[in-house]
Amino acid sequence: MRVQSLTLVAASAALLAPATFPVAPPEPLPDPPARIQPPGAPDRAGLLRADRSEVRIGPVPRSAAEQPAPPPSRARPETRVGARPKRSGGDGPVRAADLLARVRECEPVSAGRYRSDAGAPADIPVCGTRDAVYWKADLDVDCDGRTGDRCNIRTDPHFSPATAYTESDGRPLDAERLPYVVVPGPSDTWDHRADDIRGGSVAAVVHGDRVRYAVVGDVGPRDLIGEASYAAARSLGIPADPQGGGVASDVTYIVFKDTEVEPIEDTTAAERAGERLARKFLDGD
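Here it is, written out as structure tokens:
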């Protein structure tokens, strides 16, 4: 798996001090489920994760004078998703096959291509339509954020106690409970902000015949793509062990422009909005 993603800003070394972790180690965990290893697929344990770029340590407040100017927006006014969004009409849940058919063609919005892991070929473009951006990649497990039974320094040697975006109370996101996806850090290849993608943007993640809805919750290395939280991996039936889990390919990420779940940790709002936005995406141009 890949070493967890870089932050958008510098953070103090105090975030990584031993005081940020529990005084007593958590109770021993049962052995993780066996990893899915398709024939011919590379072994993703250990080395790939260690090859990721520097560890993410979360955002640090900055003065207004230090804030970088946002890139020009290419999209429409945003849609904010409250705690009680309404469901739109439709004949049952959106199917994975329909979403995959919708994103079969690619109109690139990225100036170049991304790697799935350090050392892998740079062959993954970010594609876009009027309403969404999307890419097809692997899934590496992001376990950063709040310390839990499954996500901590003992289960994940590269664990960081922070995420690029935070919950409404200012605490880091909980990767064990919140399905979220990771976007690459802004670069000349692609700047997600220019497509009105932000923390809390609604995403549909597709693997096999499953569609699950999530939010944008973290920012990763500028040259890598294909990462989601422990909770997102579990919801898709993908082994969620932060060291040996994930899947090597065939995960599609669709992030809807101009959307934002508030508060970001409201999973019910994300699921309801995701279903509505996915159906709209299927009916779009």
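Read in order, the letters of the sequence shown correspond to residues -19 to -1, 1 to 266 in mature numbering (1 follows the signal peptide of the UniProt record, and there is no 0).
Cβ coordinates follow ideal geometry from the N, Cα and C atoms, glycine included.
Since the model is a prediction, treat every value here as computed from it, not as a measurement.
Residues that residue i bridges to, as DSSP identifies them
i: H188; result: R191, V232
i: P74; result: Answer is none; P74 lacks a bridge partner.
i: E208; result: D121
i: V107; result: Looking at the DSSP assignment, V107 forms no beta bridge with any residue, so it has no partner.
i: R96; result: A103, L205
i: P153; result: T147
i: D199; result: V163
i: G126; result: D155
i: A82; result: BP columns for A82 are empty, so no partner.
Proximal residues to residue i (C-beta, below 8 Å), its chain only, five neighbours per side dropped
i: G21; result: Here the model assigns G21 a pLDDT of 41, short of 50, so the residue's position is not dependable and the matter cannot be decided.
i: A78; result: D190
i: I17; result: Residue confidence for I17 is low, a pLDDT of 37 falling below 50, so the modelled location carries little weight; the figure read from the coordinates is stated next. Cβ within range, chain order: I219, P220, V228.
Residue i versus the options, residue with shortest Cα-Cα distance
i: V236; options: H188, R85, A143, V183; result: V183
i: E88; options: G218, R76, R257, T110; result: T110
i: L81; options: V228, P142, V192, A143; result: V192
i: P102; options: I206, A185, D247, V84; result: I206
i: E252; options: V164, V186, I219; result: V186
i: P167; options: A250, R203, D104, A214; result: R203
Close beta carbons around residue i, own chain, < 6 Å, minus the five adjacent residues each side
i: W171; result: S91, V107
i: G93; result: T170
i: T248; result: none
i: A26; result: Below a pLDDT of 50, predicted positions are generally treated as unreliable, and A26, at 40, falls in that range; the measurement from the model is reported next regardless. Closer than 6 Å at the Cβ level, and outside the excluded window around A26, lie G225.
i: G129; result: E157
i: G265; result: D112
is_contact[residue i, chain D] using C-beta, thresh 8 Å
i: A113; result: Protein chains in the displayed structure number just one, and chain D is not present.
CB of residue i within 8 Å of CB of residue j, strictly
i: R127; j: D155; result: yes
i: G181; j: A145; result: no
i: D177; j: D112; result: no
i: Y115; j: V162; result: no
i: D123; j: S210; result: yes
i: residue 268; j: E246; result: No statement about residue 268 is possible, as the shown extent of the chain runs from -19 to 266 and does not include it.
i: G201; j: E208; result: yes
i: L263; j: R83; result: yes
7 Å Cβ shell around residue i - same chain, five flanking residues per side excluded
i: A212; result: A156, E157, R158, L159, P160
i: D231; result: H188
i: L258; result: V183, F237, T240
i: A5; result: Only weak support exists for where A5 lies, its pLDDT of 45 falling under 50; the coordinates are left without a value.
i: E148; result: L154, P244, I245, E246
query: So does the region 214 to 227 actually touch the region 134 to 148, counting three or more Cβ pairs closer than 8 Å?
result: They touch, by the three-pair rule.
- If you pair each beta-carbon of the region 116 to 129 with each one of the region 91 to 101, do three or more pairs fall below 8 Å? Result yes; three or more Cβ-Cβ pairs closer than 8 Å.
Counting Cβ pairs closer than 8 Å, one from the region 185 to 196 and one from the region 238 to 254, do we hit at least three?
yes
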